[in-house]
Amino acid sequence: MENEKKNVFSGIQPTGIPTLGNYLGAMRNWPLLQEEYHCIYSVVDLHSLTVRQEPANLRRQTLSLVALLLACGINPEKSLLFIQSHVPAHAELAWLLNCYTQFGELSRMTQFKDKSAKHPDNINAGLFCYPVLMAADILLYQADLVPVGADQKQHMELARDVAGRFNGIYGDVFRIPEPYIPKDGARVMSLQEPAKKMSKSDENPNAYILLLDDADTILRKFRRAVTDSEAEVVCREGKDGINNLISIYSIVTGKTVPEVEHEFAGKGYGDFKTAVGEAVAEALRPVRETYADLLKNKDYLADVYTKGAEKARAIAGRTYAKACKKLGLVLPQRP
Numbered sequence: 091m092e093n094e095k096k097n098v099f100s101g102i103q104p105t106g107i108p109t110l111g112n113y114l115g116a117m118r119n120w121p122l123l124q125e126e127y128h129c130i131y132s133v134v135d136l137h138s139l140t141v142r143q144e145p146a147n148l149r150r151q152t153l154s155l156v157a158l159l160l161a162c163g164i165n166p167e168k169s170l171l172f173i174q175s176h177v178p179a180h181a182e183l184a185w186l187l188n189c190y191t192q193f194g195e196l197s198r199m200t201q202f203k204d205k206s207a208k209h210p211d212n213i214n215a216g217l218f219c220y221p222v223l224m225a226a227d228i229l230l231y232q233a234d235l236v237p238v239g240a241d242q243k244q245h246m247e248l249a250r251d252v253a254g255r256f257n258g259i260y261g262d263v264f265r266i267p268e269p270y271i272p273k274d275g276a277r278v279m280s281l282q283e284p285a286k287k288m289s290k291s292d293e294n295p296n297a298y299i300l301l302l303d304d305a306d307t308i309l310r311k312f313r314r315a316v317t318d319s320e321a322e323v324v325c326r327e328g329k330d331g332i333n334n335l336i337s338i339y340s341i342v343t344g345k346t347v348p349e350v351e352h353e354f355a356g357k358g359y360g361d362f363k364t365a366v367g368e369a370v371a372e373a374l375r376p377v378r379e380t381y382a383d384l385l386k387n388k389d390y391l392a393d394v395y396t397k398g399a400e401k402a403r404a405i406a407g408r409t410y411a412k413a414c415k416k417l418g419l420v421l422p423q424r425p
């Protein structure tokens with residue numbers, strides 16, 4: 091039955107164009123999830139404020155991301171899509187949860203340590219409490235499942251711990267979420283340093299593919315991809331570069347690894363890298379074209395995120411009010 095579907099929450103920051111890794115690891119699966127689950131997708135702009143943003147860029151990137159998520163196949167008739175700052179309960183519940191999160195728990199977050207090292211001149215309280223806001227994002231919508239990458243698993247565990255602690259004191263307020271990690275494509279590696287994850291923050295632009303890169307750029311980057319001194323397209327230990335390319339090609343074409351190895355048996359790396367680039371460019375072409383059309387229709391985008399926020403406020407408001415009532419806060423009286 092329809093009401094038995096589980097809830098899925100996922101958020102993505104508007105801090106630049108997502109990479110091929112973001113797409114194959116998570117975003118590509120989001121339209122598929124909406125057929126099986128009640129999906130809530132949020133452009134989490136409040137999270138981006140932990141690092142200094144240029145206001146005009148943040149506004150542009152937020153609208154761009156709404157368009158890109160729609161271009162990737164999210165259907166606002168089936169899923170909830172909204173901008174985080176349009177739903178005040180996210181920040182409000184985060185404050186309540188801050189009071190039930192231990193300082194030691196937050197100080198152990200590896201991502202806080204990493205980002206503090208990268209931005210030593212701006213180690214702010216928001217960065218420290220970032221995982222609590224993430225917990226609020228998830229718990230407001232009584233999420234059963236949360237698609238997360240390996241770098242967010244620690245934050246996910248904190249959300250579960252805080253929810254369990256709150257429930258243990260006040261009763262059943264929050265659903266305890268489970269991580270959802272797709273079987274394939276969960277980790278796409280750098281094209282230049284295939285031992286590390288693909289990231290748009292990489293100083294070498296040849297290391298990553300952006301979702302909106304044109305076909306020529308994609309081909310050029312794949313042709314420059316680091317491989318090894320052999321010339322055999324096979325997946326085995328010690329061939330990180332080729333293993334990564336085989337994985338990418340397998341995901342975008344739907345072919346198994348043995349099928350890929352058979353297809354390129356006796357062929358050189360040049361032919362293989364070109365084929366991977368062409369396959370990726372073709373896979374991303376519909377996304378680029380749909381995105382370009384959507385970005386021209388600002389009224390439609392505004393309609394989507396406005397209606398999405400209205401629905402999100404209604405759902406989030408119920409959870410927030412329940413938490414407030416349990417805590418003994420006096421709820422405002424409706425006229």
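Take any residue in the sequence shown, count from 1 to its spot, add 90: that is its number in our numbering. Beta carbons are placed, not taken as given, at the ideal position from N, Cα and C, and that holds for glycine. Fair warning: this is a prediction, and the values are worked out from it, not measured in the lab.
With 16 other Cβ atoms within 10 Å as the buried cut-off, status of residue i
i	result
E284	Looking at the sequence shown, residue 284 is not Glu but Pro. When all chains shown are included, P284 counts as buried.
S197	exposed
P267	buried
H352	exposed
T396	exposed
A402	buried
M91	Confidence is the limiting factor: at M91 the pLDDT is only 39, short of 50, which leaves the residue's position unreliable, though a coordinate-based value still follows. That one is exposed.
D440	With the chain covering only 91 through 425, there is no way to say anything about residue 440.
G261	exposed
D393	exposed
Y390	exposed
G115	buried
S280	buried
T346	exposed
V427	Nothing about residue 427 can be reported from this structure: the residues present for the chain run from 91 to 425 only.
S291	exposed
A382	exposed
V420	exposed
N333	buried
G358	exposed
Opposing strand residues paired with residue i [DSSP bridges]
i	result
S132	G101 and F172
L235	V98 and E268
Under the three-state DSSP convention, the category residue i falls into
i	result
K287	strand
G275	The predicted position of G275 is uncertain, since its pLDDT is 48 and thus under 50; no value can be drawn from it.
L155	helix
N109	A small correction: the amino acid at residue 109 is Thr; Asn does not occupy that position in the sequence shown. T109: strand per DSSP, three-state reduction.
E268	strand
L300	strand
D262	coil
M246	helix
F256	helix
M117	helix
M224	helix
G407	helix
S340	helix
V366	helix
C162	coil
D292	coil
P210	coil
C219	helix
Y390	helix
S197	helix
V177	coil
A321	coil
A355	coil
G398	helix
Beta-carbon separation (whole angstroms), residue i vs residue j, contact threshold 8 Å
i	j	result
D234	R255	Between R255 and D234 the Cβ distance is about 19 Å, and since that is not below 8 Å, they are no contact.
M224	H209	No, M224 and H209 are not in contact; Cβ-Cβ is about 18 Å, not under 8 Å.
I130	L170	4 Å
G407	F172	That pair is no contact at about 13 Å.
V236	F99	6 Å
V263	A413	6 Å
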